[in-house]
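Worksheet: the structure to be examined is printed underneath.
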Amino acid sequence: MSKSVKAALVANGLIACAKGIAAFFTGSASMMAEAIHSTADCGNQVLVLVGQSQARRGKSEAHAFGQGKANFFWSFVVAVVLFLLGGLFSIYEGIHKIMDPQEIQYPWLIVGIIIFAIILEGGALRVALKESNSKLKDIFKTIEKSSSSHILVVLIEDSGALLGLFILGIGLGLSLFVHPIFDGIAALMIGLLLLSLSTILFVELKKLIVGESLDRETIKQIKNLIKEESHVLVHLNSVRSMFIGSDEVLLVISINVKDDKTGYEIEQDIKELKNKIQKTFNQHKLHIYIDVFEF
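If you use mature numbering (1 follows the signal peptide of the UniProt record, and there is no 0), the sequence shown corresponds to residues -22 to -1, 1 to 273, in order.
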């Protein structure tokens, strides 16, 4: 079990219970939206764990490269759940409260829950950033470039949860000191936030599901390494790649070799080349296949 997923599951479970209790006693629509948000997040962590469990299954006749893409599928289901259960229901709750605004009871309880949730969500986000070797200021770059679907889910959900708490706090203040209608408006905004987060997940996971390649800079570095290290290379035809799991890459290289080299020399050169590529780019688990053509 990934540390980031485990931390997010525990945090979201506790927060969902606290928000649900607070929503019941206060009658706050925005707190109800946040309770739904955290409940959806909690269920999503379970789905991510299902994906990780399936992805750990080894190779088989039906799955020659294993089932690493199961991570991508179940994370995509997470995006659907976040969209339907989280976003649309929160929007419905917000519209209902806008049409029939009511005074919030026990506002101090909401303040306490917000502080409690910020501490837990902040801790879970910190674990996810540490696991992805990233910093808070680079979170958008990490989301864009990460091939670990569980990291994508946790980073997006935790950062979204903190934004949701900020909206909840603003809505609470305005509903208490200006007009109760702002509670419903805050719930509506939380719903729109969840729809936005699910859309980001859709876009990023679609790239992985359909077969995203390594980035151009990494491919360029691999090509340079091959040209510098190979002793039998005449021409590098192509370097193709595809993510087949979280941080797991299929790498297919096509080269032309000198026709005056023996089969043993070519075999040894290819073996050394594979080892050097694997050691240099050890942030990924590489399945390297090199097609050799005599020139």
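Using N, Cα and C, we set each Cβ at its ideal position, and we do this for glycine too. Just so you know, these numbers come straight off a predicted model, no measurement behind them.
_Residue interval of the alpha helix (DSSP H) (run including S216)_ = For this step, residue 216 is matched to residue 238 along the sequence shown. Where S216 is concerned, there is no enclosing alpha helix (DSSP H), although the beta strand (DSSP E) it sits in stretches over L211 to G223.
*Using DSSP with H/G/I as helix, E/B as strand and the rest coil, what is L192?*
Position 214 of the sequence shown, counting from 1, holds the residue named residue 192. Coil at L192, not helix or strand.
*Excluding sequence positions up to five away, which residues of its chain have a Cβ less than 8 Å from the Cβ of I82?*
Residue mapping note: residue 82 aligns to position 104 of the sequence shown, counting from 1. Here the set comprises T4, G5, S6, I88, L150, S153, L154, P158 and D161.
_Following a CB-centred definition, is D136 positioned closer than 7 Å to any heavy atom of the ligand ZN?_
The model on display carries no ligand, and the ligand ZN is accordingly not part of it.
*Can you pull the DSSP bridge partners for N234?*
Here residue 234 refers to the residue found at position 256 when the sequence shown is read from its first residue. Note: N234 sits in a beta bridge opposite H213 and F271.
*asked:* According to DSSP, simplified to helix, strand and coil, what is I82?
replied: Locating residue 82 in the sequence shown gives position 104, counting from the first residue. The three-state reading of DSSP puts I82 in coil, since its state is none of H, G, I, E or B.
*Starting from the Cα of V230, find the closest Cα among G29, Q246 and I255 and give me that residue.*
Taking the sequence shown and counting its residues from 1, the one referred to as residue 230 is at position 252. Ranking the options by Cα distance to V230, first place goes to I255.
*How far does the alpha helix (DSSP H) with T240 in it reach, from first residue to last?*
The sequence position of residue 240 within the sequence shown is 262, counting from 1. Note, T240: premise wrong, no alpha helix (DSSP H); not H, not E.
*Integer Cβ distance of F61 from L203, believed to fall under 8 Å*: In the sequence shown, counting from the first residue as 1, residue 61 sits at position 83. In the sequence shown, counting from the first residue as 1, residue 203 sits at position 225. Actually they do not touch by this definition, with Cβ atoms about 42 Å apart.
*Check whether the segment 173 to 182 touches the segment 44 to 57, counting contact only when three or more Cβ pairs, one atom from each stretch, lie closer than 8 Å.*
Contact between the segment 173 to 182 and the segment 44 to 57 is present: three or more C-beta pairs spanning the two stretches fall below 8 Å.
*Starting from Q23 and walking both ways along the alpha helix (DSSP H), at which residues does that stretch end?*
The count along the sequence shown starts at 1 and reaches residue 23 at position 45. Element bounds for Q23: A7 to A33.
*asked:* As a quick exercise: from V132, G36, W86 and A(-1), pick the residue whose alpha carbon is nearest that of V105.
replied: Taking the sequence shown and counting its residues from 1, one reaches residue 105 at position 127. Nearest option by C-alpha distance: V132.
*Member of E250, K257, Y267 and N215 whose CA lies at the smallest distance from the CA of L228*: On the sequence shown, residue 228 is found 250 positions in, with the first residue counted as 1. Of the listed residues, the one whose Cα sits closest to L228 is Y267.
_According to DSSP, simplified to helix, strand and coil, what is H265?_
Translated into the one-based positions of the sequence shown, residue 265 becomes position 287. In this structure, H265 counts as strand in the three-state DSSP scheme.
*Name the residue from D136, K(-17) and I163 whose alpha carbon lies nearest to the alpha carbon of Q80.*
Locating residue 80 in the sequence shown gives position 102, counting from the first residue. Out of D136, K(-17) and I163, I163 has the C-alpha closest to the C-alpha of Q80.
*asked:* Contact defined as beta carbons within less than 8 Å: I believe V212 pairs with N234. What is the distance between those atoms, to the nearest angstrom?
replied: As a working note, residue 212 is residue 234 in the sequence shown. As a working note, residue 234 is residue 256 in the sequence shown. The pair is a contact, with the Cβ atoms about 5 Å apart (cut-off 8 Å).
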